[in-house]
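> One structure is given below, represented as structure tokens, and several questions about it will come after.
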């Protein structure tokens, strides 16, 4: 197995490989390859990436979401799991890297989900905007967003 061709020019810390190295007994394996740069990262930083890959994308694999959903939604959900790790591990939230992570998550990767949250749960959105997100609650709400987004894609109508 190899990284996707489009990823060869980027620094890959870790990658979740869907469908690679599957056993013949029908069970699912969850394969994450840590690149040479990721292997040299501090343990706390690498742990966040592994949460993103194994928990975020692993849950999606268990729910058969790969190939059925928009890649941006898959990435948003995995980033929510990663942010939950950051909160639970009491990682400093004011570092440049953390601010960039949240900015990318909020403005690009989870933009559609944030619109959904603002409409469905304005109080939860205010907490997210002020830096005190209920990550477990957001992950639960993501399931509602996912169901609504899938319904819209299938029928062309909002719920």
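In the numbering used here, the protein residues as written are 4 to 162. All C-beta atoms, glycine included, are put in the ideal place defined by N, C-alpha and C. Remember, it's a predicted structure, so these values are computed and weren't measured experimentally.
#1: On the criterion of 16 or more Cβ atoms from any shown chain inside 10 Å, does residue 4 qualify as buried, or is it exposed?
#2: My understanding is that residue 141 touches residue 83, with C-beta atoms under 8 Å, so please give their C-beta distance in whole angstroms.
#3: Hey, could you find the ends of the beta strand (DSSP E) residue 102 is sitting in?
#4: Reducing DSSP to helix, strand and coil, say where residue 157 ends up.
#5: Between residue 188 and the rest of its own chain, which residues show a CB-CB distance below 7 Å, the 5 nearest in sequence each way excluded?
#6: In whole angstroms, what is the alpha-carbon distance linking residue 121 and residue 132?
#7: In the DSSP assignment, the alpha helix (DSSP H) including residue 62 goes from what residue to what residue?
Reading from the atomic positions:
#1: Unreliable positioning characterises residue 4 in this predicted model, as indicated by a pLDDT of 45, which lies under 50. The coordinate reading is nonetheless provided below. It is exposed - the Cβ of residue 4 has fewer than 16 other Cβ atoms within 10 Å.
#2: 6 Å
#3: Premise fails: residue 102 lies in the alpha helix (DSSP H), 99-107, not in any beta strand (DSSP E).
#4: helix
#5: Since the displayed the chain opens at 4 and closes at 162, residue 188 lies outside it and no answer follows.
#6: 10 Å
#7: 61-65
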